[in-house]
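Colleague:
In our numbering, the protein residues as written are 702 to 966.
1) Do residue 851 and residue 823 have their beta-carbon atoms positioned less than 8 Å apart in this structure?
2) For residue 798, which three-state DSSP category applies?
3) If you count every other CB in all the chains shown that lies within 10 Å of the CB of residue 948, and 16 or more means buried, which is it?
4) Thinking residue 742 and residue 766 are a contact (beta carbons under 8 Å), I'd like their distance in whole angstroms, please.
5) Work out the CA separation of residue 811 and residue 736 for me, nearest whole Å.
6) Contact between the region 776 to 783 and the region 796 to 813 is defined here as three or more beta-carbon pairs at a separation below 8 Å; is this criterion met?
7) Shortest alpha-carbon distance to residue 899 belongs to which of 960, 940, 809, 734?
8) Can you check DSSP and say which residues form a bridge with residue 867?
9) What residues in its chain sit with their C-beta under 6 Å from that of residue 966, if we drop five residues either side in the sequence?
10) Comparing C-alpha positions only, which one of 713, 722, 939 sits nearest to residue 848?
11) Let's see if you can read the secondary structure: which residues bound the beta strand (DSSP E) around residue 773?
12) What are the uninterrupted segments assigned as alpha helix (DSSP H) that are 4 or more residues long and contained completely in the region 794 to 854, given in chain order?
13) Among 873, 897, 845, which has the Cα closest to the Cα of residue 914?
14) Does the beta-carbon distance from residue 889 to residue 842 come in below 8 Å?
15) For the beta strand (DSSP E) that residue 745 lies in, which residues bound it at each end?
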């Protein structure tokens, strides 16, 4: 329960329990998979002095901070707009920024700070740019050239590593609040898939799922691997709300570089 972590003064993506489990993995010379379905460094950036929020000029979504080597840039994950990270606030010219939300790059930085000797590989669409990059990362992990594989959805399924005894889900809430009737189904699916990366041989694996909403019904089903009752509950919800598969829906999308034109259309 990440709310309990915050009450203890821990605002990091790494809960005390997850840190303890990673320490155990390192001592036993085993491996862990850490999953966060959000790339980049942070989800939103604010000026600490005036509160200026950095939004995309095209679609008004929060710009995501990405870091690579000594370079920093803002990327809009919705429309793809790209711009240089400012040296100072355009409103008050302060040079003090606050970062909200966790991305894989931030988790990578914190893992390296918490475990200075850790060998870490990151797999997301920022680190996997070439045709064979992902395969090279998996081969390195398979040869035990890294202790932890950190990544987004691309590491959630189809991977089979003998030494992996721990899976940590940094924030299981990602995707739950999307305005889509399939949101819970997709979160359940990906949590079930990523949980299957641990303990695939003789040893029993351990799964640590972190969330700000532990009382959500979905996490009870995930904990018990209870797919049948999860689907039954989803069916009840959708029938009541008149959602597929009980009705047919048509989705019509209007897109344009200019948001106003799209609305007018």
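All C-beta atoms in this analysis are idealised placements derived from N, C-alpha and C, irrespective of residue type, glycine included.
Modeller: In brief:
1) Locating residue 823 in the chain shown gives position 122, counting from the first residue. Locating residue 851 in the chain shown gives position 150, counting from the first residue. In contact: residue 823 and residue 851 (Cβ atoms closer than 8 Å).
2) Residue numbering aside, residue 798 sits at position 97 when the chain shown is read from its first letter. Looking at residue 798 - three-state DSSP - the assignment turns out to be strand.
3) Numbered from its first residue, the chain shown carries residue 948 at position 247. With fewer than 16 Cβ atoms within 10 Å of its Cβ, residue 948 is classed as exposed.
4) As a first step, residue 742 is located in the chain shown; it is residue number 41 there, counting from the start. As a first step, residue 766 is located in the chain shown; it is residue number 65 there, counting from the start. That belief holds up - the Cβ atoms of residue 742 and residue 766 are roughly 4 Å apart, short of 8 Å.
5) Position 35 of the chain shown, counted from the start, is the residue given in the question as residue 736. Position 110 of the chain shown, counted from the start, is the residue given in the question as residue 811. When rounded, the distance between both Cα atoms is 14 Å.
6) no
7) Start at 1 with the first residue of the chain shown, and residue 899 comes out as number 198. For the residues 960, 940, 809, 734, the minimum Cα distance to residue 899 belongs to 734.
8) For this step, residue 867 is matched to residue 166 along the chain shown. 733, 907, per the DSSP bridge assignment.
9) In the chain shown, counting from the first residue as 1, residue 966 sits at position 265. So the list reads 955, once near-sequence residues are dropped.
10) Counting from one through the chain shown, the residue named residue 848 turns up at place 147. Closest by alpha carbon: 722.
11) One-based indexing of the chain shown puts residue 773 at position 72. From DSSP, the beta strand (DSSP E) with residue 773 extends over 772 to 776.
12) The qualifying runs are 805 to 815, 834 to 843.
13) Start at 1 with the first residue of the chain shown, and residue 914 comes out as number 213. Closest in alpha carbon position to residue 914, among 873, 897, 845, is 873.
14) For the purposes of this step, residue 889 is identified with residue 188 of the chain shown, where counting begins at 1. For the purposes of this step, residue 842 is identified with residue 141 of the chain shown, where counting begins at 1. The answer is no: Cβ separation not under 8 Å.
15) Position 44 of the chain shown holds residue 745. Per DSSP, residue 745 belongs to the beta strand (DSSP E) from 745 to 748.
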